[in-house]
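Here's the structure we're looking at; comments come further down.
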Amino acid sequence: MSNTSPSNQVPSNQVATVSVGPYPCGPNQPLLLIAGPCVLQSKELAFEIADELAAINQRPDVNVVFKASFDKANRTSVNAKRGPGIDEGLRMLEQVHQHCGLPVTTDVHLPEQVDAVAEVCSLLQIPAFLARQTDLVVAAAKTGRPLNVKKGQFMAPEDMRYVVEKVHASGDGGVMLCERGTFFGYGRLVNDMQSLPIMRSLGVPVVFDATHSVQRPGGLGGATGGNREMVEPLARAAVAIGIDAVFFETHPDPETSPSDGPNMIPLDAFGPMMDRLLRLRAACAEISA
């Protein structure tokens, strides 16, 4: 791609379709839902959440990918719980896939992790703080798996074209770009909804991460705070704009989650929220037809 403005990039009607396991993500496809707990805690809890997501996956208008992290490597405090680690975490993710049939995804933080993760996961996720880490992005792309790269909170949406270039130069699995909020001073994120069509104009599907968009970094002193009441309103706006995928974290009791509890949708509220979002998406598609 050349150094041109977004208006001179690939038109929206030429956005690529990316395959995540058996599911296509892109124009005129069912909404891709990436969801799960922030961090793996136990097999039993993962199965409980996966069962709810598998029930949602029975709908024809949505395809679901289970997400959970084996290591939260960017925690605020050195004392924060990070997760079970790569070996136990990948075993749990494989068990989730075998249990409910959903494709699974997780974060990768180091180039040496990507091959092991690619053996289990249908999608590799690059955290926002690492979106510009060339060695990591290139190594992940070389696995042949599609990538979900979160836009750094410090990056302009136009600059994500360089991430797309790195991925396309290194592998053929494809890439999705994910919006998760932009720093607005200290301890606050805001969403510039212009970033969604701008990143989509780069010719790749776009994901909206509603959970991390409502974070308040460091808002709880040694931990990140947030406001889950704003998750659904932001997700509605993104769906109305026409994104290809949404990302949420959910938990049966968010207040007991080791990470991101204030931003997570309670599991018993998750299905009704998705029903509203999918009804909105259908209405927007009818208006645009």
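Start counting the sequence shown at 7; every next residue gets the next number (our numbering).
Note that CB positions come from ideal geometry on N, CA and C, so glycine has one too.
Since the model is a prediction, treat every value here as computed from it, not as a measurement.
If you draw a straight line from the alpha carbon of residue i to that of residue j, how long is it in whole angstroms?
{"i": "L278", "j": "L59", "result": "Note on residue identity: the sequence assigns Pro, not Leu, to residue 278. When rounded, the distance between both Cα atoms is 12 Å."}
{"i": "T262", "j": "N69", "result": "28 Å"}
{"i": "G228", "j": "D93", "result": "Any reading at G228 needs caution, since the residue's pLDDT is 49, under 50, leaving its predicted position unreliable; the model's value is listed next. Going from the Cα of G228 to the Cα of D93 covers about 27 Å."}
{"i": "G193", "j": "A291", "result": "36 Å"}
{"i": "R88", "j": "F76", "result": "8 Å"}
{"i": "P203", "j": "R151", "result": "24 Å"}
{"i": "M166", "j": "S176", "result": "16 Å"}
{"i": "R285", "j": "L46", "result": "31 Å"}
{"i": "L283", "j": "G191", "result": "30 Å"}
{"i": "K49", "j": "N63", "result": "20 Å"}
{"i": "F160", "j": "A289", "result": "34 Å"}
{"i": "Q15", "j": "L51", "result": "Note on Q15: pLDDT 49, under 50, position unreliable in the model; the coordinate value appears next. Each residue's Cα considered, the two are about 43 Å apart."}
{"i": "Q200", "j": "S128", "result": "29 Å"}
Check each candidate in the options and name the one with the smallest Cα separation from residue i.
{"i": "G232", "options": "F254, P268, L202, R242", "result": "P268"}
{"i": "I271", "options": "D281, R287, F254", "result": "F254"}
{"i": "K73", "options": "M98, Q64, N80", "result": "M98"}
{"i": "A216", "options": "R194, A22, V210, A244", "result": "A244"}
{"i": "D113", "options": "A79, E125, T140", "result": "A79"}
{"i": "Y168", "options": "V210, P109, A124, M236", "result": "V210"}
{"i": "D274", "options": "A61, P28, Q35, S48", "result": "A61"}
{"i": "A56", "options": "H105, I132, L142, D198", "result": "H105"}
{"i": "E185", "options": "L142, F135, K172, P43", "result": "F135"}
{"i": "G111", "options": "E118, G95, P117", "result": "Here residue 111 turns out to be Thr, not Gly, going by the sequence shown. Closest option to T111, Cα to Cα, is G95."}
{"i": "V247", "options": "P28, P90, F214", "result": "Sequence inspection shows Ile at residue 247; the Val mentioned does not correspond to that position. Of the candidates P28, P90, F214, the one whose C-alpha sits nearest the C-alpha of I247 is F214."}
Helix, strand or coil, according to DSSP, for residue i in the structure here?
{"i": "K156", "result": "strand"}
{"i": "F253", "result": "strand"}
{"i": "V181", "result": "strand"}
{"i": "T111", "result": "strand"}
{"i": "L283", "result": "helix"}
{"i": "F53", "result": "helix"}
{"i": "D198", "result": "coil"}
{"i": "C290", "result": "helix"}
{"i": "L136", "result": "helix"}
{"i": "P278", "result": "helix"}
{"i": "A124", "result": "helix"}
{"i": "D165", "result": "helix"}
{"i": "A216", "result": "helix"}
{"i": "L273", "result": "helix"}
{"i": "Q47", "result": "coil"}
{"i": "R234", "result": "helix"}
Which first and last residues belong to the beta strand (DSSP E) in which residue i is found?
{"i": "C31", "result": "29-31"}
{"i": "S25", "result": "24-26"}
{"i": "A147", "result": "Element bounds for A147: not the beta strand (DSSP E) but the alpha helix (DSSP H), 140-148."}
{"i": "L208", "result": "L208 -> no beta strand (DSSP E), and no H or E assigned at all."}
{"i": "G267", "result": "Taken as a continuous stretch (DSSP letters only), G267 belongs to no beta strand (DSSP E), as it is neither H nor E."}
{"i": "L39", "result": "37-42"}
Which first and last residues belong to the alpha helix (DSSP H) in which residue i is found?
{"i": "V245", "result": "237-247"}
Query - Whole runs of the beta strand (DSSP E) within the stretch 57-107, excluding any shorter than 3 residues - result: The stretch 57-107 contains these whole beta strand (DSSP E) runs: 68-73.
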